[in-house]
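In this note's numbering, the protein residues as written are 4 to 237.
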């Protein structure tokens with residue numbers, strides 16, 4: 004088998020978000036999004052020379068399994084702490100290359116947010132004024148991983164915030180616009196059914212809509228059954 008370190012680094016965000024390792028002999032990735040499954044298998048093939056096989060569960064989720072100690076060993080050599088991704092008490096460390104290579108850092112954020120993150124739009128109020136609150140976010144309940152995702156975003160000159168629960172997010176207009184220009188999400192990946200307003204829309208389409216809405220906030224009105232007044236801030 005092959006073990007291309009650079010390509011294995013590109014596998015890491017898939018495994019840290021919606022994947023994992025099992026019994027030191029299996030790498031797996033789980034998603035209900037067929038596009039994400041395809042992206043993972045493509046990168047895994049570049050990294051290991053093998054994209055695994057797919058099992059479809061009764062709940063509609065796809066599980067990609069890459070079985071074999073050599074594949075696990077290759078991944079663990081690149082990121083030893085991948086074994087402890089679910090241990091909130093352990094300060095897992097991302098590979099150093101992510102901090103020194105901006106393209107790898109952007110790829111990590113793109114993949115992680117595609118798997119476990121996205122775009123959110125909420126209604127905010129200030130007195131009688133209603134306005135839209137826009138965010139690009141990633142999700143992790145592991146505070147050590149959240150902090151490092153925040154550090155990666157800072158290294159890319161973004162200004163992330165941590166809600167102290169499970170989200171790292173960007174909320175400044177200039178950050179969201181630049182995210183849309185420089186990072187984005189993986190192609191054809193869709194918003195999950197957990198979003199009552201945007202489910203089924205491609206994440207990049209929603210991102211572009213949010214960017215356009217800074218110039219015309221009424222573009223978002225149909226999703227909220229609510230119409231902002233002409234004087235409401237964007």
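Think of the CB as a built atom: it goes at the ideal place given N, C-alpha and C, for glycine as much as any other residue. It should be emphasised that the depicted structure is a prediction, and the values quoted were computed from it without experimental measurement.
**Asked** Which runs of the beta strand (DSSP E), 3 residues or longer, sit entirely within the segment 163-191?
**Response** 170-173
**Prompt:** So, is residue 218 buried or exposed, given that buried needs 16 or more other C-beta atoms within 10 angstroms?
**Reply:** exposed
**Asked** From what residue to what residue does the alpha helix (DSSP H) around residue 114 run?
**Response** 105-119
**Asked** So what's residue 33 in DSSP terms, helix, strand or just coil?
**Response** strand
**Asked** Pick from 138, 205, 107: whose alpha carbon is nearest that of residue 16?
**Response** 107
**Message:** Measuring straight from C-alpha to C-alpha, what distance separates residue 125 and residue 148?
**Reply:** 25 Å
**Message:** Quick check: the Cα distance between residue 184 and residue 43, rounded to an integer number of angstroms?
**Reply:** 23 Å
**Request:** Rounded to whole angstroms, what's the CA-CA distance from residue 215 to residue 53? Just pull it up for me.
**Result:** 40 Å
**Message:** Could you tell me the alpha carbon to alpha carbon distance between residue 115 and residue 21, rounded to whole angstroms?
**Reply:** 9 Å
**Message:** Across the segment 174-191 and the segment 133-141, are there enough close Cβ pairs to call them in contact, namely three or more that are closer than 8 Å?
**Reply:** yes
**Message:** Would the segment 28-48 count as touching the segment 63-80 if we require 3 or more Cβ pairs under 8 Å?
**Reply:** yes
**Prompt:** What span of residues does the beta strand (DSSP E) with residue 52 cover, start to end?
**Reply:** That residue, residue 52, is in no beta strand (DSSP E); it is neither H nor E in DSSP.
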